[in-house]
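Peer 1:
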Amino acid sequence: SNPGLGHATAVRFAQEGATLVITDIDMVGLATAEKELVALGAEVLSMEQNVVDEERWQEVIDATVERFGGLDVLVNNAGTPADRTGIEGVDEAFFQRMFDVHVKGTFFTTQAAVPGMKERGRGKIVNISSMWASTGNPTGAIYIAAKAAILGLTKAWALEFAPWKITVNAITPGGVITEMVMAKGGMDYVREAAKKVPLGRYADIEEIAYTAAFLAAPESDYVTGQVIGPNGGQSIVGI
């Protein structure tokens with residue numbers, strides 16, 4: 004199976020010995036993930052969360068602090084599929100959802116988490132953007148604009164939170180073999196799309212999770228405000 008990036012990252016964190024708080028709008032998937040993580044030996048708190056729901060941002064952080072005493076790492080991973088259309092195909096509801104999930108969700112979840120990190124004088128924030136935020140694409144302008152906004156937040160926050168030793172970085176994956184990608188076109192689609200990648204393949208989901216694990220670890224304490232792109236070299240083509 005090809006889970007999503009959030010699932011793969013949680014598994015990697017569990018393998019590294021992390022205690023985890025996982026959230027999703029999919030309660031069935033959440034329960035499955037929790038079982039898998041517990042089987043790996045992790046202590047896990049799972050909570051239903053729709054990142055566009057304002058009431059849940061603070062509730063999730065409060066529950067985390069109550070259960071585990073504080074939050075060391077926040078991974079802002081929630082996303083929704085891109086618009087596969089030209090400008091004429093985008094309506095206001097779609098536009099709003101793209102910015103609600105990617106930008107509003109990232110902003111206000113972070114806003115809820117940062118006071119505790121400031122109090123403790125440390126923290127790691129990892130934002131998930133997209134390669135297309137830097138390179139563009141002929142379809143998906145609203146998705147790309149929202150993902151580009153995450154890069155702006157990353158760089159501004161890195162400067163804003165630096166006095167408290169809180170690092171903020173973004174990951175901009177290229178093509179990754181996920182459940183969402185497989186549902187779109189399967190391996191035939193992936194093989195065709197991979198021809199445009201200098202390394203000749205899409206990423207395995209674990210490779211993106213490794214990047215997140217590095218940015219969450221003490222080894223990256225001097226890395227902040229950076230955009231790290233595990234994309235097989237695709238973003239340098241034609242630039």
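Using my numbering, the letters of the sequence shown correspond one by one to residues 4 to 242. All C-beta atoms in this analysis are idealised placements derived from N, C-alpha and C, irrespective of residue type, glycine included.
(1) Is K127 helix, strand or coil by DSSP?
(2) State the beta-bridge partners of A206 as determined by DSSP.
(3) What residue does the beta strand (DSSP E) around A173 start on, and which one ends it?
(4) Measuring straight from C-alpha to C-alpha, what distance separates F98 and D86?
(5) Do the stretch 29 to 36 and the stretch 79 to 94 make contact, defined as three or more Cβ pairs closer than 8 Å?
(6) Are I208 and V179 close, meaning C-beta to C-beta below 9 Å?
(7) Please return the same chain residues whose Cβ sits closer than 6 Å to the Cβ of M60, not counting the five positions on each side in sequence.
(8) Do P233 and L8 come within 9 Å of each other at the CB atom, strictly closer than that value?
(9) Are W160 and R125 close, meaning C-beta to C-beta below 9 Å?
(10) How would you call I131, buried or exposed, if buried means at least 16 neighbouring beta carbons within 10 angstroms?
(11) Where do the ends of the alpha helix (DSSP H) carrying L8 lie?
(12) So if DSSP puts S49 in a beta bridge, which residue, or which two residues, is it bridged to?
Peer 2: The relevant details are as follows:
(1) strand
(2) V179
(3) I169 to I174
(4) 9 Å
(5) no
(6) yes
(7) According to the sequence provided, residue 60 is Trp. The question's Met does not apply to it. So the qualifying residues of the chain are F111, T112 and A115.
(8) no
(9) no
(10) buried
(11) L8 to Q18
(12) I25
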